[in-house]
Structure formats: structure tokens, C-alpha cells
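See structure below.
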Amino acid sequence: MTVIDQSAATAANTPSAVRYDVAIDLESCTGCGLCEAFCPVDVFEMQSGLPVAVQPDLCWGCETCAGQCPTTSIRVNCREGAEPFVDRPKANPLPAEKVGLYREWSRTLKEVLGLRWSPVAISLIPAGDPLPDVPVPEERLRYCQSLMAARRGRSIMMPANRHACPDGTAILGLTELPAKLASGELYILFHKLHDIEAAQRMVLERPCLEPRTIDATVVTPLENAATEPQVIAVVAQPEQAMWLLMSSSYYSGHRHELNASGYNAQCVETTLLPYTTGKLNVSFGCYGCRASSDISDDMMFIGIPVDQMPTVISGLRELGSRAIPQSRNKIYLPPM
Numbered sequence: 001m002t003v004i005d006q007s008a009a010t011a012a013n014t015p016s017a018v019r020y021d022v023a024i025d026l027e028s029c030t031g032c033g034l035c036e037a038f039c040p041v042d043v044f045e046m047q048s049g050l051p052v053a054v055q056p057d058l059c060w061g062c063e064t065c066a067g068q069c070p071t072t073s074i075r076v077n078c079r080e081g082a083e084p085f086v087d088r089p090k091a092n093p094l095p096a097e098k099v100g101l102y103r104e105w106s107r108t109l110k111e112v113l114g115l116r117w118s119p120v121a122i123s124l125i126p127a128g129d130p131l132p133d134v135p136v137p138e139e140r141l142r143y144c145q146s147l148m149a150a151r152r153g154r155s156i157m158m159p160a161n162r163h164a165c166p167d168g169t170a171i172l173g174l175t176e177l178p179a180k181l182a183s184g185e186l187y188i189l190f191h192k193l194h195d196i197e198a199a200q201r202m203v204l205e206r207p208c209l210e211p212r213t214i215d216a217t218v219v220t221p222l223e224n225a226a227t228e229p230q231v232i233a234v235v236a237q238p239e240q241a242m243w244l245l246m247s248s249s250y251y252s253g254h255r256h257e258l259n260a261s262g263y264n265a266q267c268v269e270t271t272l273l274p275y276t277t278g279k280l281n282v283s284f285g286c287y288g289c290r291a292s293s294d295i296s297d298d299m300m301f302i303g304i305p306v307d308q309m310p311t312v313i314s315g316l317r318e319l320g321s322r323a324i325p326q327s328r329n330k331i332y333l334p335p336m
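Residues 1 to 336 (this note's numbering) are what the sequence shown spells out, left to right.
Dropping the structure here:
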């Protein structure tokens, strides 16, 4: 086996960079060029019919190249990375009353809805703000992967150089959007949209925070929130999502205008839309989050602005006293 190793360090070899080894098995490589075509940041170049990582310092560790390689000839391995924000001021711990409130919200959501996993507290840390005491992973994760891990109990803080998805990282305001994504070119290669006009329209219509306005994303189980969240995400079955929508409308009776497209689900639909509009939103997931996480086919996502949580929790308790158990007991089901 002939393997070429090339080191890659993000952020132009800055001290806090996450570093990668790109390994190419030249014996199994067919020279198809998919790694060059699909890399969102142009790490690869075809030379004499074989791929070469000519700009390894740009590598995000997203592993799109490895995923698209038809012969599994590429491996992207993470090295140990330095701790970012070493000298950054730390945020004060949450007051005890806030800790208790978030734990009570989590308990209510789990018990009344019957959630298997924890609701997730999401915080976008503005540039220059003190940082909460939350672990930073050694390797890069996609934002949707971090959210899925948080529902299982992990607390994760990710600055830009710990994010593995250039698309989501730009949407959430940590970085600029790479040219291949801004142009829509990469979506056509993935066969996710009909033509370049449709791809460009999708990019244009989705919301996006200004680049470099956010320093880090923080996701934790709601009961373990380490800083004040702006959005609470719930991963749920459709029936559980229905009750959350009804809980939000319990005192007003209003209907929801939901914004979903199947593109950029966790970064846009579950996080950014509730964050920017102050309105609850529902997402059915997207190609990226379903391809890169353990989310099952029967689950969907609800993003709730934290300011709406008191209403949602109160409404859910009311529904849980009668409507939810009656519905689940199928009280109107005819005799079989």
C-alpha cells in the first residue's frame, strides 16, 4: 500500500489550530478527482492523474473528501490541538436560581413528553464576550454533531477551529462562507438542487449572521446549562413535536408559520431562525445532519427561543394533565 501523509493545520497554523493528517492510498486511488471537486476549500489538486493536498493548511477536517471517495482511499486523521482562548476571561457561573429553572424545564419536557434524550441549551457567544467553563473538543465536529452529542449528555464549546462544516460555521457567524458554497457550486455536485440558479437562490434566501460576530457555539443538556441559552432545541418524534406546538399556542390559540426547507436544518432552522426571529421553529432535518449523526429517521427538531420557554412549559403542563394522556390512550378509537 502506497500512502502519502500530509499535515494540515487550520487557520494557517495558528497556535490554537486543530491539525490533521491527510492520508491517500495511491494503490487503491483511481484518480477520479471527486476529492478535488467536493472539497469546499480547495485543499486538493489533481497532478499527473492523482490527488495532491496542495493547500493542507486550509483543511477543515469535514471529511467530505473521504465520504465521497468511491474506493475509500482517503483518511483524514485529527492530531492533538492546542487549547483556544487560553487567556480569554471566563464567564461567571450561572446563578443558582437559573440552574434550578433550567433543570425544572428539562424535567418537565422529559416527563410530560416522554423524551428519551435531554433538551439542548444552545448559546452563541458574541465576539469578545467571556466564555463559559465548557470543554472544547480536541477534534472538529459539525454543529449538528455537537447538538446530537449534547442531547446524549455532552457539554461542548466550539470556536471556529473546532467546527468541521464550513457552511454551518459561516451561517452561525463564526467565519466567512467559502467561495464554492457561496456560489452554489458544491450543492450541484451533491445533486441536492436542480441547477446553479436554484442553488444560488437557496443560499440567498437563508439567514446568516455577519462573519466573525460569534466566537463560539455552546451546546449542553438543558439541565446542565453552563451559560444563559438563547435557544432550546428538542429532538423529538412528530407526536411530541405536535404537543410542543400546542403548548406554545395554549394561551393564544395562534397558528404557527414555520420555516423549513430541508437544507441547513440545525444551523438555520433549529438555531438561527429562533435566535433571530424570536419565534419557535420546526425542522425535519437535512442531508448533512442525517448523514453525519446518529439521528434516526423518525425524529425531527424543534427550536424554541428561551423567552418563549415559560409559556411552553406552562402550556405543556396543562396539556399533560388531560389532553396528552387521553390522546395517547386513544380514547376515541372505535372498537376493533
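C-beta atoms are modelled at their ideal positions from N, C-alpha and C, and glycine is treated no differently. Fair warning: this is a prediction, and the values are worked out from it, not measured in the lab.
Discussion item. Quick check on the DSSP output: the beta strand (DSSP E) that includes tyrosine 20 runs from which residue to which?
Written reply: In the sequence shown, counting from the first residue as 1, residue 20 sits at position 20. Start and end: 19-25.
Worksheet item: Going straight from the alpha carbon of serine 16 to that of alanine 160, what length do you get?
Response: As a first step, residue 16 must be located in the sequence shown, where it is residue number 16. As a first step, residue 160 must be located in the sequence shown, where it is residue number 160. Caution is warranted here: a pLDDT of 49 is assigned to serine 16, below 50, making its placement in the model unreliable, and the coordinate value is therefore given only provisionally. Distance between the alpha carbons of serine 16 and alanine 160 is about 10 Å.
Worksheet entry | Cβ contact (3+ pairs, closer than 8 Å) linking the region 83-99 and the region 122-141 | With a cut-off of 8 Å, the region 122-141 and the region 83-99 count as touching, because enough Cβ pairs lie within range.
Practice prompt. Consult DSSP for proline 340 and reduce its assignment to one of helix, strand or coil.
Written response: Since the displayed the chain opens at 1 and closes at 336, residue 340 lies outside it and no answer follows.
Practice prompt. Check each candidate in Val219, Ser48, Leu113, Leu189 and name the one with the smallest Cα separation from glutamate 122.
Written response: Counting from 1 along the sequence shown, the entry for residue 122 is found at position 122. The displayed chain sequence assigns isoleucine, not glutamate, to residue 122. If we check each option's Cα against that of isoleucine 122, Val219 comes out closest.
Worksheet item: Taking all protein chains shown into account, do 16 or more other C-beta atoms lie within 10 angstroms of the C-beta of glycine 253, making it buried, or fewer, making it exposed?
Response: For the purposes of this step, residue 253 is taken as the residue at position 253 of the sequence shown. When all chains shown are included, glycine 253 counts as exposed.
Worksheet item: Identify the residues that DSSP records as bridge partners of methionine 158: which are they?
Response: As a position in the sequence shown, residue 158 is number 158, starting the count at 1. In the DSSP secondary-structure assignment, methionine 158 is bridged to Thr217.
Worksheet item: Can the beta-carbon of serine 134 be found less than 8 Å from the beta-carbon of serine 155?
Response: In the sequence shown, counting from the first residue as 1, residue 134 sits at position 134. In the sequence shown, counting from the first residue as 1, residue 155 sits at position 155. As written in the sequence, residue 134 is valine, which differs from the serine given in the question. If you check the CB distance, valine 134 and serine 155 come in under 8 Å.
Practice prompt. Thinking leucine 147 and leucine 172 are a contact (beta carbons under 8 Å), I'd like their distance in whole angstroms, please.
Written response: Within the sequence shown, residue 147 is the residue found at index 147, counting from 1. Within the sequence shown, residue 172 is the residue found at index 172, counting from 1. A Cβ-Cβ separation of about 12 Å leaves leucine 147 out of contact with leucine 172 under the 8 Å criterion.
Practice prompt. Report the option in Lys110, Gln240, Cys32, Lys98 whose CA atom is closest to the CA atom of valine 306.
Written response: To locate residue 306, count along the sequence shown from 1; it is residue 306. Nearest in C-alpha terms to valine 306, of all of Lys110, Gln240, Cys32, Lys98, is Lys98.
Discussion item. Closest to asparagine 77 by C-alpha separation, out of Asp87, Cys62, Gln230, would be which residue?
Written reply: If you number the sequence shown from 1, residue 77 lands on position 77. Nearest C-alpha to asparagine 77 among Asp87, Cys62, Gln230: Cys62.
Practice prompt. Return the bridge partner residues of cysteine 78 from the DSSP annotation.
Written response: Sequence index remark: in the sequence shown, residue 78 carries index 78 (1-based). Beta-bridge pairing links cysteine 78 to Tyr20.
Discussion item. Starting from valine 99, trace the alpha helix (DSSP H) in both directions and tell me its first and last residue.
Written reply: Looking up residue 99 in the sequence shown gives position 99. Following the DSSP letters along the chain, one finds valine 99 inside the alpha helix (DSSP H) bounded by residues 96-113.
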